[in-house]
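Residues 10 to 257 in the working numbering are what the sequence shown lists, from first letter to last. Glycine included, every Cβ here is placed at the ideal spot set by N, Cα and C.
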Amino acid sequence: MILKALPALMFLILPSEGQGVRQAKIVKWSPEEASGVIRMVNLTHDAEQFITRQVRRRGTLKSFYFTGGYRPAREPPVTSKVNPLIYGAGSSYTAGLKNTKCKDVFIWNIHYGIVSPLGLRVNVTVQPIGRKKNVTVTLDINGASTLRWSTRNKNLIRSNVTSAIVEQECNFSAEVSFKGYVAYHLEDVRGDMPHDDAFNIVGLKNHTKGLEAYDNMLVYNVTGIFKHKLVCKDDGVTQHGKITPSIQ
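Rendered as structure tokens:
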């Protein structure tokens, strides 16, 4: 499936222009709670397995480092980058709500994710419905299965009655890239095997896992479903036409 950037989205990546950045709540992926819905690539595990295969019986792996460890100057530490999120087409609202006692909930559910020793942060700018100002939210997609951020409305009253909910969703993707060398230290070395060495992270490329090598970088696409919900107090909610959709 090909995803494209949509210039009219309310949740476009935009400059924050000095406004405070909010942190999205993160639900971390856990192998014990893994399901068929979420697939997670683990770079730390893959790096350890790669070194073990390279060394074989000529030494014992003691430690390895994405950013530290002994390394020549020509073998720099691994750095990471997350490109702006790209959103696919989504459904538009069919009804509006004439009620100000609402809050917006933005959810990024990750289906294909990645775990690494590095932070994988990206800023997204969302525009809550009925508000003129954008809000910049930081997402750390490293090892995350779900990221959530919501507005707070003092007028939103909790009750046992089901609240009115308007929702729209679409696919999203974020390209993550890694560049540099993973350093490692061996013990009980045999022959001419050095105690300290490093390998280019592009050596972890694996088409089956979605890890590709481009321009001396290891690239992976984090993908999932983005949801924007408008949750309102149920009393006094009336339909009145059409909400301007945040997804075109």
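Is the separation between the beta-carbon of residue i and that of residue j shorter than 8 Å?
i: Tyr190; j: Asn215; result: no
i: Lys238; j: Glu196; result: no
i: Phe59; j: Gly212; result: yes
i: Leu127; j: Val87; result: yes
i: Thr53; j: Val124; result: yes
i: Val131; j: Val144; result: no
i: Gly77; j: Asn180; result: no
i: Ser89; j: Leu129; result: yes
i: Lys141; j: Glu178; result: no
Mind reading off the beta-carbon distance from residue i to residue j? Whole number of angstroms is fine, and I expect it under 8 Å.
i: Gly122; j: Met202; result: At roughly 35 Å, the Cβ-Cβ gap does not stay under 8 Å, so Gly122 and Met202 are not in contact.
i: Ile150; j: Ile119; result: 7 Å
i: Asp113; j: Pro81; result: At roughly 50 Å, the Cβ-Cβ gap does not stay under 8 Å, so Asp113 and Pro81 are not in contact.
i: Ala222; j: Glu84; result: That belief does not hold up - the Cβ atoms of Ala222 and Glu84 are roughly 17 Å apart, past 8 Å.
i: Ile116; j: Arg157; result: 5 Å
Taking all protein chains shown into account, do 16 or more other C-beta atoms lie within 10 angstroms of the C-beta of residue i, making it buried, or fewer, making it exposed?
i: Gly200; result: exposed
i: Ser72; result: exposed
i: Tyr79; result: exposed
i: Val240; result: buried
i: Ala56; result: buried
i: Thr217; result: exposed
i: Thr69; result: exposed
Tell me the residue span of the alpha helix (DSSP H) that contains residue i.
i: His54; result: 52-64
Go to residue i, then tell me how far its beta strand (DSSP E) extends in each direction, as first and last residue.
i: Ala207; result: 205-209
i: Val87; result: Element bounds for Val87: n/a, residue is neither H nor E.
i: Leu239; result: 226-241
i: Leu195; result: 190-196
i: Ile119; result: 111-124
i: Leu148; result: 144-149
i: Tyr223; result: 221-223
i: Ala153; result: 153-159
i: Tyr74; result: 69-74
The ligand GDP and residue i: does any heavy atom of the ligand fall closer than 7 Å to the residue's C-beta?
i: Phe73; result: This structure lacks the ligand GDP, and indeed carries no ligand of any kind.
Of all the CB atoms in chain C, is at least one closer than 8 Å to the CB of residue i?
i: Asn151; result: Absent from the structure: chain C. Only one protein chain is present.
Could you check whether the region 177-188 touches the region 230-240, counting it as contact only if at least three pairs of C-beta atoms, one from each stretch, sit closer than 8 Å?
yes
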